[in-house]
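As structure tokens, the structure follows; a few thoughts come after it.
Residue numbers (our numbering): 28 to 228.
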């Protein structure tokens, strides 16, 4: 097998040998002398400072990505909890409203005269110049209010309208220019709104 080496040897003739120039290696100490300890220390410090600055810059860039990723993880974890809190809060408000509604209805069954107070409050909320005032009540409540307020029949500037669509304890007042919703639901919502803020709506 032949050698595939790229090195070859050639014997030069005397004429050829005279034409050959000798090659000398260049001087490696371009500064003109050996390197001093101070130069080595300066080079080391410069290299250290450059490496430190580059490492710091790279570390800050990498940490910004990590911080952003950490924030996203925290956000992803807190969103469901916040949504759950809001849903739970709404459910509790609805439950409180349902319980209060049942308690009020039971109270109205046991003490139906409470509707008289509701009518008086609703009438008091009307503007002083209100005319043609119609107080819409459940027929049973209408009878009760007529019985209780019968003595004031001639004095009151309003009339009772029996409305079978209206629930016991509810009251709607309608005038030429205004309407007051004094239904149990509306009154309960107003109480919850005042107590809990806008979440009661």
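All C-beta atoms in this analysis are idealised placements derived from N, C-alpha and C, irrespective of residue type, glycine included.
Best match in the options for proximity to residue i [C-alpha to C-alpha]
{"i": "residue 202", "options": "92, 100, 213, 158", "result": "158"}
{"i": "residue 193", "options": "167, 129, 83", "result": "167"}
{"i": "residue 147", "options": "220, 85, 162", "result": "162"}
{"i": "residue 198", "options": "219, 93, 213", "result": "213"}
{"i": "residue 191", "options": "164, 207, 174, 209", "result": "164"}
{"i": "residue 186", "options": "195, 80, 160", "result": "160"}
{"i": "residue 207", "options": "170, 145, 219", "result": "145"}
{"i": "residue 174", "options": "156, 205, 140, 103", "result": "140"}
{"i": "residue 223", "options": "170, 171, 117, 81", "result": "117"}
{"i": "residue 171", "options": "154, 99, 189, 155", "result": "189"}
{"i": "residue 150", "options": "103, 97, 49, 205", "result": "205"}
Opening and closing residue of the beta strand (DSSP E) in which residue i lies
{"i": "residue 168", "result": "No beta strand (DSSP E) holds residue 168; the alpha helix (DSSP H) holding it covers 166-175."}
Beta-ladder partner(s) of residue i, from DSSP
{"i": "residue 208", "result": "199"}
{"i": "residue 67", "result": "Looking at the DSSP assignment, residue 67 forms no beta bridge with any residue, so it has no partner."}
{"i": "residue 50", "result": "Answer is none; residue 50 lacks a bridge partner."}
{"i": "residue 26", "result": "What is shown of the chain runs 28 to 228, which leaves residue 26 out entirely."}
Buried versus exposed call for residue i [16 or more other C-beta atoms within 10 Å across all chains shown]
{"i": "residue 217", "result": "exposed"}
{"i": "residue 228", "result": "A caution first: residue 228 carries a pLDDT of 45, below 50, which makes its placement in the model too unreliable to give a value."}
{"i": "residue 152", "result": "exposed"}
{"i": "residue 196", "result": "buried"}
{"i": "residue 200", "result": "buried"}
{"i": "residue 111", "result": "exposed"}
{"i": "residue 108", "result": "exposed"}
{"i": "residue 78", "result": "exposed"}
{"i": "residue 100", "result": "exposed"}
Run of the alpha helix (DSSP H) containing residue i, from where it starts to where it stops
{"i": "residue 42", "result": "41-46"}
### Query
Of all the beta strand (DSSP E) runs that stay within the bounds of the stretch 134-166, which reach a length of 3 or more residues?
Within the stretch 134-166, the complete beta strand (DSSP E) runs of at least 3 residues are 160-164.
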